[in-house]
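Going by this note's numbering, the sequence shown runs without a break in its numbering and finishes at 800.
Positions of the beta carbon are idealized from the N, C-alpha and C atoms, including for glycine.
Each remark here refers to the structure printed beneath this line.
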Amino acid sequence: MSQDQFLLDIKSTLDKIAKDKADELGVRMIDLDNTVETQELFSSEDDAIVWEYGTLAPDPRDPLYVLTFNIGGRTVKDSANYTMLGINGTVQELFEPCKRLEIKNYSGVVESEIRGFLNITQVIVSPQQYDKVSGVRMMSVTARAMRLA
Numbered sequence: 652m653s654q655d656q657f658l659l660d661i662k663s664t665l666d667k668i669a670k671d672k673a674d675e676l677g678v679r680m681i682d683l684d685n686t687v688e689t690q691e692l693f694s695s696e697d698d699a700i701v702w703e704y705g706t707l708a709p710d711p712r713d714p715l716y717v718l719t720f721n722i723g724g725r726t727v728k729d730s731a732n733y734t735m736l737g738i739n740g741t742v743q744e745l746f747e748p749c750k751r752l753e754i755k756n757y758s759g760v761v762e763s764e765i766r767g768f769l770n771i772t773q774v775i776v777s778p779q780q781y782d783k784v785s786g787v788r789m790m791s792v793t794a795r796a797m798r799l800a
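Below, the structure is given as structure tokens:
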């Protein structure tokens, strides 16, 4: 399996984790790298789980990697930030340090076998950002990944 395929597997796994949690909470899930859906979201009053891929680099070399990504909540009409805190608290539980996640490819019709493991090493909550309508608070997640052969 190539590094590009492993990147797709990790992205697919993170998409599924975020989408499942968004469905459970009754909010949208948006990958901020998807510019069409991001524009639609920021033009709406929908609350959402938002995430964006950061980096994936061999460390020290393949099959061991270091990974970063950002994930958090976006809310509107939430002046006291209670909804934001609820979304972020729930999301933060998914990525607690020392948590180990299985990496699979969910992009096809059938779930794949385990392609690797993701070990969360650090979560840092970033300051809230505003766009005059909504608030977004992200967490920067760092993890170590191991690709299986």
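Item                                                                                                                                                : Value
Tell me, to the nearest whole angstrom, how far the beta carbon of L769 is from that of L752; I am working on the premise that it is less than 8 Å. : 4 Å
Relative to the C-alpha of V742, which candidate in G759, K667, Q654 and L658 has its C-alpha closest?                                              : K667
Specify, as a first and last residue, the run of the beta strand (DSSP E) that D682 falls within.                                                   : R679 to D682
Taking the beta carbon of S694 as the centre, do at least 16 other beta carbons fall within 10 Å, making it buried, or is it exposed?               : exposed
According to DSSP, S758 sits in a beta bridge with which residue or residues?                                                                       : None, per the DSSP bridge assignment.
Using DSSP with H/G/I as helix, E/B as strand and the rest coil, what is A669?                                                                      : helix
Which residue's Cα is closest to the Cα of L718: D674, D671, P778 and G767?                                                                         : G767
What did DSSP end up calling F657 once you bin it into helix, strand or coil?                                                                       : helix
Give the DSSP-derived three-state secondary structure of F746 in the structure shown.                                                               : coil
Quick check: the stretch 771-778 against the stretch 793-800, are there 3 or more CB pairs under 8 Å?                                               : yes
In three-state terms, what does DSSP make of V687?                                                                                                  : helix
Between the Cα of R788 and the Cα atoms of A708, K672, G740 and E762, which residue gives the shortest distance?                                    : G740
By DSSP's criteria, F693 is part of a beta bridge. Which residues make up the other side?                                                           : Looking at the DSSP assignment, F693 forms no beta bridge with any residue, so it has no partner.
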